[in-house]
Each structure stands twice: as C-alpha cells, then as structure tokens.
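Beneath this line is the structure, given in structure tokens, with notes to follow.
Protein chains: 2
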Amino acid sequence: MGSGKEEKKECLHRVAIPPPKPFLESLRATVKETFFADDPFHQFKGQPPRKRFLLGFQYLVPFVEWAPRYTFDSFKGDLLSGITIATLAIPQGISYAKLANLPPIIGLYSSFVPPLIYAMLGSSRDLAVGTVAVPSLLMASMLGKDVSPTQDTKEYVNLVLTATFFAGVFQAALGFLRLGFIVDFLSHATIVGFMGGAATVVLLQQLKGLLGLAHFTSNTDLISVVISIASQAHSWKWQCVLLGCCFLFFLLLTKYLMKRKKVFFWINAMAPLTCVILATLIVSLTHAENHGVQVIGRLSKGLNPLSVDVLAFGSPYLATAIKTGIITGAIALAEGVAVGRSFAISKNYHIDGNKEMIAFGLMNIVGSCTSCYLTSGPFSRSAVNSNAGCKSAVSNIVMAVGIMITLLLLTPLFYHTPLVVLSSIVITAMLGSIDYQAAIHLWQIDKFDFLICLASYNGVVFSSVETGLIIAVTLSLLRLLISIARPRTFELGNIPNSMIYRSIDQYPNAERIPAILILQIDSPIYFANSNYLRERISRWIHQEEDRIKATGESSLQYVVLDLSAVGSIDTSGISMLEEINGNIEGKGLKLVLANPRSEVIKKLDKSKFIESLGQEWIYLTVGEAVSACNFVLPGSWPNVNSVECDAGPDNNV
Amino acid sequence: MGSGKEEKKECLHRVAIPPPKPFLESLRATVKETFFADDPFHQFKGQPPRKRFLLGFQYLVPFVEWAPRYTFDSFKGDLLSGITIATLAIPQGISYAKLANLPPIIGLYSSFVPPLIYAMLGSSRDLAVGTVAVPSLLMASMLGKDVSPTQDTKEYVNLVLTATFFAGVFQAALGFLRLGFIVDFLSHATIVGFMGGAATVVLLQQLKGLLGLAHFTSNTDLISVVISIASQAHSWKWQCVLLGCCFLFFLLLTKYLMKRKKVFFWINAMAPLTCVILATLIVSLTHAENHGVQVIGRLSKGLNPLSVDVLAFGSPYLATAIKTGIITGAIALAEGVAVGRSFAISKNYHIDGNKEMIAFGLMNIVGSCTSCYLTSGPFSRSAVNSNAGCKSAVSNIVMAVGIMITLLLLTPLFYHTPLVVLSSIVITAMLGSIDYQAAIHLWQIDKFDFLICLASYNGVVFSSVETGLIIAVTLSLLRLLISIARPRTFELGNIPNSMIYRSIDQYPNAERIPAILILQIDSPIYFANSNYLRERISRWIHQEEDRIKATGESSLQYVVLDLSAVGSIDTSGISMLEEINGNIEGKGLKLVLANPRSEVIKKLDKSKFIESLGQEWIYLTVGEAVSACNFVLPGSWPNVNSVECDAGPDNNV
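Written out as structure tokens, the structure reads:
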C-alpha cells in the first residue's frame with residue numbers, strides 16, 4: 001500500500017485484446033467447429049495420397065478396417081449372440097410389422113438385408129439391427145390416413161417402402177452434411193416422455209391381439225382405445241385372453257428372473273421363440289384358429305423380392321411419404337444413434353455420430369429397394385446382443401443368416417402362430433421402454449425437465465404420436481429460448497480473507513464492498529436478452545440505492561460488471577452496454593468491466609466502446625477492479641484495496 | 001509450503017451448496033423473472049388499498065398521473081410540435097393509405113382517433129402516432145391476394161379493419177400476458193435488413209406514382225416491378241416525372257440542409273405540406289388532371305364513421321385477416337416500441353414495454369371500430385415531434401385536433417392534389433429508413449450479423465416481405481441455436497506471477513501447468529450442446545496427450561474443468577459430466593472441478609455426481625484446484641503450489 005496511483009496501475013494485469021483474425025479464417029474455424037467438431041479427418045493429416053485413399057475407404061466402410069483383425073475367438077461370441085438375436089428377431093419382426101399394418105413377411109425381410117449392410121458400414125460393435133416399435137406405429141398412423149392398409153394393401157406397402165426410402169435419404173443426408181447435431185435438439189427429458197408415451201400407445205394397441213378383437217380403432221389415443229375396447233366387450237375371446245396371459249406371465253417371469261440372476265439370461269433370451277413355438281403347437285393341435293383365435297396365416301417362402309420398381313415416386317401421396325419418412329427416420333435415427341453411443345461409452349470405444357447416420361441411411365435406402373421397411377438399432381435387441389457376448393458387427397451377419405434360413409425353409413411353420421403370442425412379446429418389450437425411474441430422476445433434479453417429460457408423455461397418450469412429438473420439440477426449444485432470454489445476474493461479494501468474489505446468494509459469508517456494486521452476468525449477451533439485461537441491471541442499481549438509503553451506508557459510486565461468464569456478445573449486446581454506460585454515467589456513477597473474454601473485448605474494441613469507457617476501467621479480475629476503485633475512493637475499505645504488486649506469485653486472482 | 005495434506009485441505013475455500021429451495025418458491029421466482037423482470041408493481045408494495053387502486057389506475061392510464069402536473073410552458077412546446085406533425089400527418093396518412101390500397105380518407109381517419117387514445121394510455125412523451133409504411137404495404141400484399149382492393153373495395157376495407165382489430169387484440173394480449181419479450185427475438189441485424197428491404201420495396205412501389213402509371217404489378221419484388229415498369233415504358237407521363245422530380249429535389253434539399261444547420265429544421269418539417277399545397281395549386285391551375293396526372297379526387301367531409309358493424313368476423317377470409325393482423329401487428333409493435341424506447345433512453349425516462357403494448361393494442365382496437373387502420377409510432381414523425389420540442393403526449397392531441405379540423409373543413413381542398421407529390425414525400429421518408437451505415441457497422445463488428453442482415457434484405461427485395469420476415473426470424477433463431485449447440489471451450493494457462501488462470505488464446509503469456517490440462521466451458525450446458533461438449537473435451541484431452549508426447553513433458557494426470565461460465569446445467573448435461581468423468585477415470589486421469597455455480601452445484605449434488613467424483617475434488621478457484629493437484633503430484637511445479645493459508649487477505653483467488 002501507499003504507492004501512487006500510476007505505480008499501482010502499472011502492476012495490474014492488462015486485459016489482452018487478441019489480434020484481429022481475417023474474416024475467412026474465423027469463418028473457417030467456425031464452420032469447422034460447427035460441422036467437424038469431432039475432427040474426423042484427424043488421421044488423414046500428413047499422410048501420402050495412397051494411404052489417404054485407403055484410410056478414406058476404411059472410414060466409409062469400417063468393415064474393411066476391422067475384418068483383417070477378426071479372430072476365431074471373436075467369432076465364437078458373435079455366433080452365439082447372433083443366434084440369440086435371430087430368435088428374438090423373428091417374433092419381433094413379425095409383431096412390429098403388424099404394428100405398422102404391414103404383411104408379417106415384411107418384418108422378416110427387414111431383418112435380413114439391413115443387418116448385412118450395417119455390418120459393412122456401421123461402427124458400433126453392439127448394435128443389433130431391426131425394426132423398431134415407435135416408428136412402425138407412427139408409419140401406420142401417418143400413412144394410414146391416406147391409404148387404407150386393409151383395402152389397398154399393395155399401395156399401402158409401396159407407400160411404406162417409399163417412406164422408408166426417404167427416411168434413408170434423410171438420414172444419409174444428415175450424416176453427409178454433418179448435421180447430426182440436429183438430433184441433439186431433442187432433450188433427454190422429452191425423449192423419456194415421448195418414448196414412454198409411445199410405449200404406452202404401443203401397449204394399448206396390443207390389447208387388440210390380447211383380447212382377440214377383429215376390429216379396432218385406427219386412432220392411437222387412450223380414450224379412443226378404451227371406448228373401442230369397451231364397446232366390443234361382447235366379442236372378447238376368452239381363448240385369446242387365456243393364452244395371452246399365460247405367455248405374458250411366462251415372459252415377464254423370465255425377465256424378472258434374469259434381473260435377479262445372470263444364469264437366467266439365456267432362458268430370457270430364448271423365451272420369445274419358445275413362446276412362439278409353444279403357442280403354434282397348441283393352436284395347431286387344438287385347431288383354435290377355428291374358434292376365433294387369429295393366426296398369422298400363410299407366409300410366402302423365399303428371400304426378399306426386389307422392390308425398386310414399386311417405390312411410389314409418382315404417387316399422389318408422395319408428400320405424405322416424404323413427411324412420414326423424415327419424421328420416422330429422425331426418430332429411428334435418434335434411437336439408433338443413442339443406443340450405439342451408450343454401448344460405445346460403456347465399452348470404451350468411439351463412435352462417429354455422423355458416420356453412423358450415413359450407415360443407417362444407406363441401410364434404409366438399400367432396404368427400401370429390397371422389400372424392407374424402416375430399421376434402426378432397437379435398444380432391447382442390442383442389449384440382448386451385447387449381453388450374449390457379441391464382439392463385432394458379425395453377430396448381425398449371423399442373425400441375417402438365421403433369418404435367411406427361416407425365409408427359405410421355415411416360413412410355413414408360422415401358419416398357426418397366434419397373434420396373441422406376438423402381442424405378449426411386444427408388451428414385454430414395451431414395458432421396459434416406460435422409463436419411470438428416469439422420470440423420477442428428472443423430478444428430483446429438475447422440475448421443469450419433469451414437466452416437459454410429462455407434457456410430451458401426455459401429448460402422445462391423449463392425442464397422437466405426432467402431437468406428442470411436436471409438443472416435445474416445441475417445449476425443448478421454448479425452454480432453451482427462455483433460458484437465453486432470461487439469463488441470471490448475481491450480485492458478488494468478497495469472500496473474507498481472500499481476493500475472491502462470488503455470488504452473495506451462493507456464499508452467504510461473501511461481503512458487499514461499500515460504494516461498489518458488483519454484478520455478474522451469467523450468459524452470452526444476445527439480441528434475445530439484451531433488453532432484459534438492461535432492465536435487470538437498472539433494477540439492480542435501483543435496489544442497491546434503496547438498500548443503501550435504508551442502511552445509511554456510503555453512497556454508490558461504482559458499478560463493476562463481471563463479464564467472466566459472457567462468452568460472446570452481438571451488436572445488440574454492445575448497444576445495450578453503451579446504453580447502460582450512458583445511464584450509469586447519467587447517475588454520476590462509473591462503470592467498470594472485469595475480465596471481458598476474447599470475443600467480447602474484440603468487439604468492444606471494434607465498436608469504440610473501450611474508447612468511450614476508458615481503457616483504464618477494464619480489469620482482468622474483479623479483485624483488481626475493486627482495488628482500483630477503492631484506491632480512488634476516499635476513506636476506502638481497509639481489507640481489500642491492498643494489491644501488493646511485488647509480493648510474489650500468490651498475490652491475487 | 002511444507003504443511004501436511006490435511007492441513008492444506010482445511011485452508012482452501014469450500015464451494016457452497018446453496019440450501020434447496022421449495023419447488024413452488026423457485027417456480028415463483030422463475031415466473032417473476034421471466035414475465036415481471038422489470039418489477040412493474042414495485043411502487044405498489046406496502047401501500048394501503050385505496051392508494052393501490054389509485055396507483056393501479058394511474059398505471060393503466062398514465063394520462064391521469066401526469067395531467068395534473070401539466071404546465072402552460074409544456075403546452076407551448078406541445079402546440080408547436082403538434083401542429084408540425086399534423087402537417088406531416090396529412091400527406092403521410094394519405095400516402096400510406098394508398099400504399100395499403102385503401103381510400104385516402106382512411107389514412108386521415110387513422111391520424112385522428114388513435115393519437116387521442118395513445119395520449120391517454122401511452123407512456124412515451126415523444127412518440128407521434130400514425131400509420132406506418134411497412135405494415136401498410138404488407139396488409140395490401142397479404143389481403144390483396146384474397147380480395148381485390150379495386151373491384152371489391154368495400155369488402156377489402158372491411159377486411160383491413162378486421163385485420164387491424166386482430167392486430168390490436170394481439171398487441172394488447174402480448175402486453176397483458178407480459179410476453180413482450182417475444183419481440184426481442186428479432187435481432188438488431190435482422191431488423192436493419194428487413195426494414196431496409198421493406199423501405200426499398202416501398203420506394204419501388206412509389207415508381208408507380210412518380211411515372212404516372214395507371215396499372216402496376218401487385219407483386220412487390222424487384223424483378224416484377226422492373227418488368228412491369230419496363231413493359232409500360234410507352235405510358236410514362238412526363239408531366240408526372242417532372243413534377244415528381246422537382247418536389248423530390250426540394251424535399252431532399254431541405255432534409256440535407258436540416259442536417260447541416262438546425263435553422264432549417266422548420267423548413268424541413270413544413271416541406272411536405274408546402275409541397276402538397278404547391279402541387280395542388282399547380283394542378284388545379286393547369287388542369288393537369290386532364291393530361292393524365294392522377295389526383296386524389298373527392299374526399300368525403302366529416303369525422304370518422306363508426307365501423308364496429310362492418311368488422312368481417314363472418315368473412316370466409318377471417319383466417320387471412322387474423323394472420324395478417326398478427327404479422328402486421330407484430331411488426332408495427334416492434335417499430336413503435338423500439339422508437340418509444342430509444343427516445344426514452346436519450347431523454348432519460350423509463351418506458352414499460354408491456355404497458356406500451358397494451359396502449360398500442362387498445363389504440364388499434366378502438367381504431368378498427370372507428371374506420372382507422374393499423375397505426376403505430378413511425379420513427380420519422382416521432383423524430384420531427386421530438387425535434388419540434390414536444391414535452392408530452394399532448395402533442396398527439398394537438399395533431400388529432402389539426403386532423404379533425406382538416407376532416408371537417410379542408411378535405412375538398414385535396415381534390416386536385418396529384419398522387420406524384422405523395423410519392424415524392426414517401427420516397428423522402430423511406431430513403432432515411434435504409435440504414436446503410438448500420439449495415440456497415442454490422443460488417444465491421446460481426447460478419448455473421450451482416451450476412452443475416454443481407455439475407456433478410458434480399459429476401460424482402462427479391463421475393464416478398466413475408467419471405468424476408470421468415471428468413472430474418474429463422475436466421476436469428478438459427479444463429480442462437482447454433483451458438484448454443486457449439487459453445488466455445490478454452491485451454492487455460494497461468495498468468496505469470498499471479499494465481500490467475502486465463503485462456504491461452506487470449507493471453508499468449510499464460511503458461512501451461514505440467515501434467516494438468518485446464519479447460520473452460522463457455523456457456524450453460526444443455527441437451528443441445530452436451531454431446532458436442534463431450535466430443536470436444538475428449539478431443540482436448542487427446543490433443544494435449546499428443547502435444548505432451550511430442551514435447552516429452554511429464555504425462556497428463558489431471559483435467560481441471562473451470563465451470564465459472566456455466567450458469568446452469570440440465571439433466572443431459574449432468575449425464576455428460578458423468579460420462580466424461582468415466583472416460584477420464586478410464587484413462588487413469590483425475591477430473592477436478594473449479595468454481596461450479598449455485599445452479600450447477602445444486603444439481604451435481606442432487607444427482608450424486610459429487611459423491612462419485614469426491615467432494616474434495618471441487619474447488620472454488622482454478623488456482624486452488626491446481627495447487628491441490630500439484631501438492632499431490634510428485635516433484636511438482638515450484639511456482640504454483642504454495643497457497644499460504646495464513647498470509648492475509650490477498651493470498652489467492
């Protein structure tokens with residue numbers, strides 16, 4: 001202490017103004033950070049052209065990269081898990097095809113070609129490819145409005161394949177254009193709510209099979225379904241209910257047992273196929289199909305027929321097909337990428353989201369040309385795959401071979417399979433998708449997230465899947481926008497015996513500095529919040545003046561704005577700062593800035609704000625700003641204004 | 001130095017976890033901050049009920065509050081400025097009504113009733129109420145598609161009044177629901193571009209009058225207008241061009257002179273009416289109307305007729321009217337509120353945006369019932385009002401009286417007024433609206449803002465006003481969303497001879513700490529950026545490991561995340577931190593957090609993240625975190641690890 005003002009100034013740290021970057025360079029950096037954040041071409045740097053070509057081919061077709069290193073040991077794991085998921089794929093494929101109002105055979109086709117494509121292009125080692133429940137249901141409800149699946153079955157199937165084609169194009173385009181981050185705009189809370197709601201809707205749809213009803217409402221909401229079921233109370237089939245409940249009990253029991261003991265894993269994994277075989281045997285022995293128990297019926301033998309020529313590009317419903325493709329494609333993608341990513345994290349390998357999108361896209365494009373409808377990586381099947389010990393995408397190939405054998409030889413055996421057993425299988429799978437624990441977790445951590453989750457759940461259950469999705473996306477974005485429009489501001493105080501300044505709210509022991517109001521702005525300053533911030537800062541000053549008047553402290557002289565958390569600022573934000581500076585000067589106070597970040601100081605410099613404020617009123621830390629103010633103030637606070645410049649390394653921050 | 005580890009821990013500052021707030025209380029705080037950020041009911045607190053009622057009435061009708069204090073001195077200023085803006089209102093009202101394809105008399109009506117309403121309810125002292133160019137044009141283009149203004153004039157007028165009614169309802173609703181901040185989502189850059197584009201389009205429309213064309217394209221885009229003009233080259237009227245150019249020259253000259261010398265202000269203010277009188281005299285003396293110079297024609301005498309009964313609520317075009325009302329209402333509101341606010345700031349008084357919206361809304365609702373179409377606070381007229389020395393909203397009353405006298409007595413005088421002089425007046429007003437200097441400013445400060453500005457300008461000029469608006473809003477939101485999806489991350493280093501840690505990018509003299517990677521995240525962590533941040537942080541670690549390998553430094557052991565700028569976090573963000581922690585531990589490194597803010601630490605605590613990380617790995621400052629790491633590290637860096645706990649107040653931050 002005791003040194004002159006000039007001497008003091010000298011020893012403070014200067015806020016650096018980074019040198020201006022050429023526009024093109026900063027644009028390049030922004031584009032890179034936006035679209036190539038994961039630096040996918042890292043390995044290409046400094047390689048000779050031939051090596052680059054090889055790496056590029058490996059990048060596009062990961063199979064080429066890992067196949068040479070593939071060992072027999074790995075194959076043992078993949079064989080076992082592949083067979084396991086094949087036994088799951090048969091009943092699930094048929095069930096989900098029914099959910100999409102498609103002929104059951106399409107469900108089997110869809111488990112043959114897409115897994116082969118994914119095994120070549122995909123980078124996940126655990127993902128099991130197959131049809132997925134929610135997009136299946138959504139396709140039925142969106143396309144069913146235009147073409148009746150029962151009356152114009154052929155046109156309906158073509159429309160579904162066309163929608164699948166566009167889903168694939170959309171997915172691949174997202175990946176190629178590196179726009180995968182769009183999927184990130186679906187928040188965790190909305191996904192929990194939406195998936196839970198969709199699972200509930202799928203469960204409700206299964207009541208048709210479980211009660212053996214021939215007719216059913218085409219609406220998916222809870223109220224329509226309940227009315228439809230109640231009004232047909234006379235035509236419930238006790239045979240179906242009995243069969244369904246027995247199998248449901250068996251399936252749920254094996255699932256429960258598996259959770260308790262690992263030994264039951266195999267029983268649980270084989271349970272669906274066991275049920276199908278048992279049910280088929282029962283029906284064919286008792287001829288229950290003559291007593292109202294609906295069966296799958298004849299399935300044509302043979303592999304997927306080509307379907308390039310039936311894609312309905314000239315259909316009057318092309319717009320619906322494109323819309324359906326984009327929406328279902330996005331949902332399928334979100335599920336598939338999330339599943340792949342979560343397994344990759346748990347097993348500590350890396351997945352490139354955009355590359356996965358290209359793989360999913362190509363898989364669906366090729367699928368739509370070979371009579372397959374929309375596929376993705378369903379969570380339940382992938383979990384079974386992973387638990388059964390898969391080592392690589394070869395398990396998908398094994399599954400495809402299993403399905404191929406089924407298609408070539410075994411389809412006649414499914415003639416007597418009752419629909420009710422498929423309903424039981426779907427119900428068991430869907431019960432796991434209602435993630436009530438995640439909802440409770442949301443409630444505990446973030447009430448607003450929970451409300452969003454609840455809103456999208458109810459939107460799906462009480463209105464329609466589309467409505468729920470729109471509600472979910474709108475609420476997610478609204479929440480983001482509100483949080484941008486209303487950033488937090490805090491009053492800072494000095495933590496005793498330090499030069500640290502922290503929020504008085506969070507640290508009740510932090511002390512206010514007389515005559516100085518220290519405010520912290522907690523977010524980037526944009527056009528969307530600059531008006532609010534101007535009002536809010538005026539209110540802070542106004543409240544502080546009221547408080548000072550009430551307590552009789554020395555009157556306010558400085559307003560220190562801590563900009564540490566202001567990552568960027570736009571032109572509206574700079575105008576706002578200029579207005580605030582004008583207002584504060586109008587009141588005879590002085591504005592002081594602390595720790596403006598590089599983006600901010602650059603723009604403050606360019607816009608001449610620094611000139612009008614005075615370079616000497618910008619400090620590297622709040623502590624230094626307060627010291628400087630106190631140095632100027634008469635009779636200043638004894639504890640804070642001593643910045644000993646030559647005291648060594650540990651004097652301040 | 002030299003003290004034991006336990007001793008050391010003790011002296012570090014603890015990160016406080018604020019006590020949990022009840023859900024309803026925090027919801028109340030959020031709602032208050034979102035909708036009542038400016039604390040409008042501040043003055044009501046602790047007042048007796050009678051006083052509260054009085055204050056409430058004054059709040060709703062500010063006139064009651066300031067009228068008793070109104071002095072004769074203020075009236076002198078208001079009288080002069082009121083007469084000035086009345087002379088401006090007559091030609092502008094007629095011109096903008098022509099722009100909206102309305103009978104000219106509606107333009108005069110619209111300058112009579114709304115100013116009176118605003119004088120009662122509005123809180124700006126400088127705003128001059130009147131019709132506005134861009135919404136006028138937009139009404140014509142949106143409603144003209146459904147009803148032809150030339151063939152079904154009556155139905156068209158009714159539809160315009162209905163749209164005005166809904167614009168008023170929308171504006172008042174925004175204010176009542178305190179949703180005024182929605183207007184903030186139009187960024188400065190988009191407004192500059194959009195307004196410039198709209199002014200260009202209005203200028204282009206004036207070519208009809210300036211060239212004396214009888215027919216004109218109903219499209220507003222540049223190409224249609226140029227084709228329309230070129231194809232009618234034979235019917236250009238030299239008389240109109242001559243008259244128009246003379247008046248345009250005179251008007252621009254007075255404007256230019258006013259900018260040079262204040263003495264010319266009055267000449268400039270009176271110039272439009274002078275032009276109208278001169279032009280009317282010239283035409284009526286030369287009978288130019290018989291030589292193809294179009295004139296206004298007969299205007300009916302008398303005040304505004306009531307129009308409640310003609311509001312077309314049963315019209316088949318009601319939906320269009322509502323849509324038009326909402327869009328034009330929003331644009332008119334944005335202009336009016338911005339104008340009011342900027343004058344309030346320059347003259348240092350306060351305006352409540354939401355209250356202004358209610359005033360605008362009621363003014364337009366009453367207006368639509370008294371044959372007035374959409375009005376707001378145009379910038380040019382308000383600037384004249386302010387420069388002419390207005391003191392309060394009484395100048396609007398004076399203007400209304402002036403218009404009343406005109407309507408009662410003077411309308412026959414406008415019979416011979418040529419349309420071309422109105423075009424000249426509009427062109428002069430619009431040239432000032434193309435704010436090319438603001439565009440240059442944008443280019444200098446923020447290239448991306450400039451691109452947005454350019455895009456919305458071109459959208460308006462080359463497509464349509466609606467397209468331009470959609471482009472502007474979409475780009476603004478997209479920019480916000482991208483900046484949320486891709487927050488910046490920085491590597492921090494130690495500023496020599498201090499315990500301050502700042503970005504190595506911004507402060508090239510900042511030094512890396514061996515074995516410790518310090519990263520700063522620059523924005524709240526949301527679902528929209530948590531995937532990106534996970535990838536980005538992995539990449540930082542990966543790059544740092546590469547760098548260390550290349551330089552042969554001691555290997556990485558700690559990753560310190562500085563959360564100072566992370567104002568909030570959601571459930572997706574917490575999952576992300578958990579994954580990062582898992583990844584980092586998987587690599588044998590240790591994650592350390594510095595300065596988590598209250599919102600963040602609360603949620604980290606609730607989600608048990610703190611337990612899994614270890615409470616002892618969370619520090620109040622980066623400096624303390626680094627000291628703690630170094631203390632544990634063998635052979636640590638000599639300069640940093642000495643936090644002398646008992647050295648006094650200035651030891652650390």
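Chains A and B are the protein sequences, given in the same order.
The opening position of the first sequence corresponds to residue 1 in full-length UniProt numbering, with each subsequent residue numbered one higher.
The opening position of the second sequence corresponds to residue 1 in full-length UniProt numbering, with each subsequent residue numbered one higher.
Virtual Cβ for every residue (Gly too), placed ideally from N, Cα, C.
Could you give the distance in angstroms between the alpha-carbon of residue i and the alpha-carbon of residue j?
| i | j | result |
| --- | --- | --- |
| G77(B) | L257(B) | 23 Å |
| residue 655(A) | N494(B) | Look at the range of chain A in this structure, 1 to 653, and you will see that residue 655(A) is not part of it. |
| S141(A) | F414(A) | 27 Å |
| S575(B) | R14(B) | 24 Å |
| P103(A) | A97(A) | 7 Å |
| K391(B) | Q615(A) | 38 Å |
| S483(A) | L333(B) | 24 Å |
| L116(B) | V132(B) | 17 Å |
| residue 701(B) | F176(B) | Residue 701(B) is absent from the model: chain B starts at 1 and stops at 653. |
| T153(B) | D146(B) | 12 Å |
| Y501(A) | S568(B) | 19 Å |
| L243(A) | L251(A) | 12 Å |
| residue 698(B) | V183(A) | Because chain B spans 1 through 653 in this model, residue 698(B) falls outside it and cannot be assessed. |
| L27(A) | C369(B) | 53 Å |
| G130(B) | V113(B) | 10 Å |
| R488(A) | I548(A) | 23 Å |
| A167(A) | L54(A) | 30 Å |
| S224(A) | P316(A) | 29 Å |
| T190(B) | Y457(B) | 8 Å |
| F72(B) | F450(B) | 48 Å |
Answer yes or no: do residue i and residue j have a C-beta to C-beta separation smaller than 7 Å?
| i | j | result |
| --- | --- | --- |
| Y619(B) | D570(B) | no |
| Q171(A) | G361(A) | yes |
| M399(A) | A89(A) | yes |
| G144(B) | V461(B) | no |
| F194(B) | G468(B) | yes |
| H416(B) | S284(B) | yes |
| A16(A) | Y507(B) | yes |
| L563(A) | P524(A) | no |
| L475(A) | A455(A) | yes |
Report task. Could you run through the region 613-637 of chain A and flag, in chain order, every residue whose CB is less than 8 Å away from some CB of chain B? Result -> Residues passing the 8 Å Cβ filter: L620, T621, G623.
Query raised in the report: Closer than 7 Å, Cβ to any Cβ of chain A: which residues of the region 529-551 of chain B, in chain order?
Result: N531, Y532, E535, R536, R539
Requested in this report: Please confirm if the region 129-143 of chain A is in contact with the region 291-306 of chain A, defined as three or more CB-CB distances below 8 Å between the two stretches.
Outcome: no
Query raised in the report: Closer than 9 Å, Cβ to any Cβ of chain A: which residues of the region 20-43 of chain B, in chain order?
Result: Listed by position along the chain: F23, S26, L27, T30, E33, T34, A37, D38, D39, H42.
Query raised in the report: On the three-pair Cβ rule with 8 Å, is the region 540-548 of chain B touching the region 512-519 of chain B?
Result: yes
Query raised in the report: Fully enclosed by the region 324-355 of chain A, which alpha helix (DSSP H) runs are 4 residues long or longer?
Result: Whole alpha helix (DSSP H) segments, 4+ residues: zero.
Query - Inter-stretch contact (C-beta, 8 Å, three-pair minimum) for the region 450-467 of chain B and the region 578-588 of chain A - result: no
Requested in this report: Could you name each continuous beta strand (DSSP E) segment of 3 residues or more that falls completely within the region 197-283 of chain B, going from the start of the chain to the end?
Outcome: none
Query raised in the report: Three or more beta-carbon pairs under 8 Å between the region 362-379 of chain B and the region 336-350 of chain B, yes or no?
Result: Short answer: they touch.
Query raised in the report: Which whole runs of the alpha helix (DSSP H) in the region 418-467 of chain B are 4 residues long or more, in chain order?
Result: 419-431, 436-445, 447-462
Query - 4-residue-minimum alpha helix (DSSP H) runs that sit fully inside the region 500-571 of chain A, ordered along the chain - result: 527-551
Query raised in the report: Counting Cβ pairs closer than 8 Å, one from the region 267-274 of chain A and one from the region 441-452 of chain A, do we hit at least three?
Result: no
Query raised in the report: Listed in chain order, which residues of the region 569-582 of chain B have Cβ atoms closer than 8 Å to some Cβ of chain A?
Result: Listed in sequence order: D570, T571, S572, I574, S575, E579, G582.
**Report entry** Contact residues within the region 333-349 of chain B, judged by C-beta distance below 7 Å to chain A
**Finding:** I345, N348
Query raised in the report: In chain order, what residues of the region 445-467 of chain A put their CB closer than 7 Å to some CB of chain B?
Result: I445, D446, K447, D449
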